[in-house]
Every structure is written in structure tokens, then in C-alpha cells.
Amino acid sequence: MRAITIRTPGGPDVLELTDVPAPTPTPEQLLVRVRATALNRADTLQRRGLYPPPPGESDLLGLELAGEVEAVGSATPGFRVGDRVFGLVGGGGYAELAVIDYRMAMPIPSGWSFSEAAAVPEVFFTAQETLFTLGQLAAGETVIIHAGASGVGTAGIQMARHIGARVFATAGSPEKVERITALGAEVGINYNTEDFAERVRELTNRAGVELVQDFIGAAYWQRNLRCLKVGGRLVLVGLMGGTKIEADLGLILSRRLHIIGSVMRSQSLESKIAITERFRSRWLPLLAQGHLRPIIDTSFPLAEAAVAHQYMEDNRNVGKILLAVA
Ligand SMILES: NC(=O)c1ccc[n+]([C@@H]2O[C@H](COP(=O)([O-])OP(=O)(O)OC[C@H]3O[C@@H](n4cnc5c(N)ncnc54)[C@H](OP(=O)(O)O)[C@@H]3O)[C@@H](O)[C@H]2O)c1
């Protein structure tokens, strides 16, 4: 089969379409003919040699896929050859064929394209786990969603709004601010022209918010703490702005703050099956009925994975960047 491989760790141009052996499914895995996959920031880190795949996972890029079942395993009840499925994988999505545990494979809702389906798993699962399972966001509470125009941000804004939470979201340009407010953020803050912590304190009469979902890390640490009210929660989901901090522990103590970290890829298969189940029961019906939608920025052919990576690293997207697999 053809797949995108990494010639040597480095910039986007190390990605190339080559011939590699097709994966061999275990009895509990489906072999899927991939029709669409999507980019995630983790792929760009893996390409640079900074994020190796967890043991036992494919060393190919690609954390999500949509396609047709090419072959079922001896222990994959409920699936037939030809079924249209989508889901999260530990790696291997940037390829013509990939394997997925049958308990992580979901039927594609009728009327959806493969692209729409491939745009969903990673960002909706991540937003679900960090805003709700860990962040415990409830109706009437206020959440700050950083990188609001990112794939994860565009999913999270819609989900938080849907349950009746107030959303303040940040982004790096007026165009992105316009997009995230159209998606449901009550306030969009351009972090390049405003101090988001000052703005949040003004908006909340200096009380702060219940939850911050952060992808930036070190660069936002101190300001995130200043934005939280007593008992507030900070869920750390990404570290795009650095990993090393000098912490004001006094603020954590006096405001009784909760600091929670989360990463999905390295979790056990059992945990990921549970995450898939939570998504299927609570959020997939809302997506299938059109109450929420995957936000797709651009789709590139698989062979142009390098161009797609450069596009992501230039911070040009609002929502998901897809790869179409012929
Ligand atoms: N923990 C997990 O399990 C998990 C799972 C999935 C994703 N993630 C993380 O979630 C984040 C979003 O992922 P994604 O794939 O949705 O990203 P994405 O679509 O590529 O969007 C990322 C956006 O973040 C903003 N950004 C980048 N660097 C920044 C910086 N230094 N300071 C402020 N903003 C910055 C840019 O938007 P602006 O133009 O607005 O600056 C950029 O477009 C990443 O950090 C990723 O690693 C974590």
C-alpha cells in the first residue's frame, strides 16, 4: 500500500508518499480502506522526532480515519466488509489501509462524507474529555478556551455552548476572532492586541471563571491562574507556548485551584474504548442531527501531506485540515 513516511526527522518536506507493507490486523481489529484522515499537532511533533508513537502502535502518522471495512477479524462482532466507519487510532491514518480495534470503530452517520467523519474523532474526543470528563464544565459556568480556532477549539466552543456554558475564547487574528464568535463564543479575544487575563477580569467583575482549557502552557501559565475564580480548574491539554515555568504556588493555594493535565494518545486501549463510548452516547447523536458540526478548513490529497503540515505550522487553519486518500 502507499503511505506517508518520514524520510528523517525534520521539517514538512521530509514527508513522502512511499510503498510500505499493509498492516496485519489482530482478531479484534478491522482492516479499513482509508478514504480520509486528518492532521493533528501531534503529527507535526512526531514528524520532527519529538513524539514517538506509543509501543505497539503503527509508526506511521495519522490519529484518526474514515473509510470502508476491507476485512473483518475473527472477533469483530457487528461489522461487515463494506461498512463505512470512522474513529480514533494510535497511528497509521496517513495510509491507504489501516487497522482499528472494532470497539473504537463507529458507523459513519448517514449523509456524512468521509471527510466530515475524519474531522471528528481527535478533536471532539479531546474536547469531551478535557472540558467535561476532567474539567466538569456545567451549564451556567464560564470557560476560557484558548486557541479557539484550532481543531480542538472549534469542537469545544460548540460543545460548551450546547450545554449552556458561557465561552470566552482566544485567537491570534481579527478573522479568527470573527469565526470563533460565529461558532458560539460569547467573547472572542485577540491575544495579539489584548491581554486576555485583563479582559477576562473586566468581563467577570474581577471574579474570574470556573474553567480554563489551555493548549499554550508556559507562556499563559501565570495569566491563566489570574483568570480563575476560587476553586477554579485549569486543564492543560497542549504546550504550544513552552513547557518550563516559574510557578506562583501561593495563588494555587489561596484560591484552592485544581491543575489537571491530559493526554489521550498514550492511554490504554480500555480507556480509549471508554472515551469512544462516552462520545457515541452523548455527542455523536448531536453531530448526526446537525446540532454540532465538524469545522473543516481545507482538504489536501494524501500526496500533499507536506504542504498540509506547513499550512498547519503556519497557523493558517480554522478547524480541521484533512487528507483525502484515493
Ligand atoms: N492532550 C491531548 O490529548 C490532545 C489531543 C489533541 C490535541 N491536543 C493539543 O491541542 C492543541 C490544538 O491542537 P489542534 O490539532 O486542534 O491544533 P491546530 O488546529 O493546529 O490549531 C492550533 C492553533 O493554536 C494557535 N497557536 C499556535 N501556537 C501558539 C502559541 N505559541 N500561542 C498561542 N496560540 C498558538 C494557532 O492559532 P492562532 O492563529 O489563533 O494563534 C494555531 O492555529 C495542540 O496543542 C495539541 O497538541 C492535545
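The sequence shown begins at 1 in this note's numbering and counts up one residue at a time. Every residue, glycine too, gets a C-beta built ideally from N, C-alpha and C.
By the 10 Å Cβ neighbour count, where 16 or more other Cβ atoms means buried, how is residue i classified, buried or exposed?
| i | result |
| --- | --- |
| ASN224 | buried |
| ASN317 | buried |
| PRO23 | buried |
| GLN158 | buried |
| GLY184 | buried |
| LEU134 | buried |
| ASP19 | exposed |
| HIS146 | buried |
| LEU269 | exposed |
| ILE245 | exposed |
| GLU116 | buried |
| ASP314 | exposed |
Just tell me which of the options has its CA closest to the CA of residue i.
| i | options | result |
| --- | --- | --- |
| ILE259 | THR276, GLY241, LEU234 and GLU270 | LEU234 |
| ILE162 | MET1, HIS309 and TRP283 | Sequence check: residue 162 is His here, not Ile. Among MET1, HIS309 and TRP283, the Cα nearest to that of HIS162 is on TRP283. |
| ALA308 | PRO27, LEU30, ASP43 and PRO21 | ASP43 |
| GLY151 | ASN205, ALA324, ILE189 and LYS176 | LYS176 |
| PRO17 | GLU304, TYR311 and LEU322 | First, the amino acid is wrong: residue 17 is Leu here, not Pro. Taking only the C-alpha atoms, the option nearest LEU17 is GLU304. |
| MET1 | PRO294, LEU60, SER281 and CYS227 | LEU60 |
| VAL69 | GLY91, VAL99 and ARG103 | VAL99 |
| GLY154 | LYS272, GLY11, THR181 and VAL263 | Reading off the sequence, residue 154 comes out as Thr, not Gly. Considering only alpha carbons, the answer is THR181. |
| ASN40 | ALA326, PRO52, PRO174 and MET312 | MET312 |
| SER58 | GLN267, GLY90 and GLY238 | GLY90 |
| LEU211 | GLU178, TYR220, VAL167 and ASP101 | VAL167 |
| ARG278 | ALA197, GLY231, PRO21 and MET106 | MET106 |
| ALA160 | GLY172, PHE132, PRO174 and HIS146 | PHE132 |
| VAL325 | ASN315, GLY319 and PRO301 | PRO301 |
| GLY92 | TRP112, PRO25 and VAL120 | PRO25 |
| THR76 | LEU31, GLN46, ALA219 and ASP248 | LEU31 |
| PRO121 | LEU287, GLY148 and ASN315 | LEU287 |
| LEU249 | TRP221, GLY261 and GLY78 | TRP221 |
When DSSP labels each residue in this structure, what does residue i get in the three-state scheme?
| i | result |
| --- | --- |
| MET106 | strand |
| HIS309 | helix |
| ARG80 | coil |
| ASP43 | helix |
| ALA36 | strand |
| PHE215 | coil |
| THR126 | helix |
| VAL20 | coil |
| ASP101 | strand |
| GLU116 | helix |
| ALA66 | strand |
| GLU96 | coil |
| ALA326 | coil |
| GLU304 | helix |
| VAL318 | coil |
| VAL72 | coil |
| VAL14 | helix |
Would you mind giving the Cβ-Cβ distance between residue i and residue j, rounded to the nearest angstrom? I have them listed as a contact below 8 Å.
| i | j | result |
| --- | --- | --- |
| THR130 | ALA165 | Incorrect: roughly 13 Å between the Cβ atoms, too far for contact. |
| GLY67 | VAL85 | 7 Å |
| ILE346 | LEU322 | Only positions 1 to 326 of the chain appear in this structure, which leaves residue 346 out of reach. |
| LYS272 | LEU88 | 6 Å |
| MET240 | PHE125 | The Cβ separation is near 19 Å, so there is no contact. |
| ALA118 | LEU65 | 6 Å |
| ILE144 | VAL200 | 6 Å |
| GLY156 | ALA127 | 4 Å |
| ALA95 | VAL187 | Actually they do not touch by this definition, with Cβ atoms about 41 Å apart. |
| LEU228 | ASP214 | 11 Å between Cβ atoms; not a contact. |
Can we count residue i as close to ligand 2, meaning its CB is less than 6 Å from some heavy atom?
| i | result |
| --- | --- |
| ALA171 | Absence of ligand 2 is noted for the structure shown, with ligand 1 being the only ligands found. |
Practice prompt. Would you list, in sequence order, the uninterrupted beta strand (DSSP E) runs of no fewer than 3 residues that lie entirely inside the segment 131–206?
Written response: 142–145, 166–171 and 187–190
Practice prompt. Jot down the residue ranges of each uninterrupted beta strand (DSSP E) in the segment 217–301, minimum 3 residues, whole runs only, in chain order.
Written response: 228–236, 258–261 and 296–301
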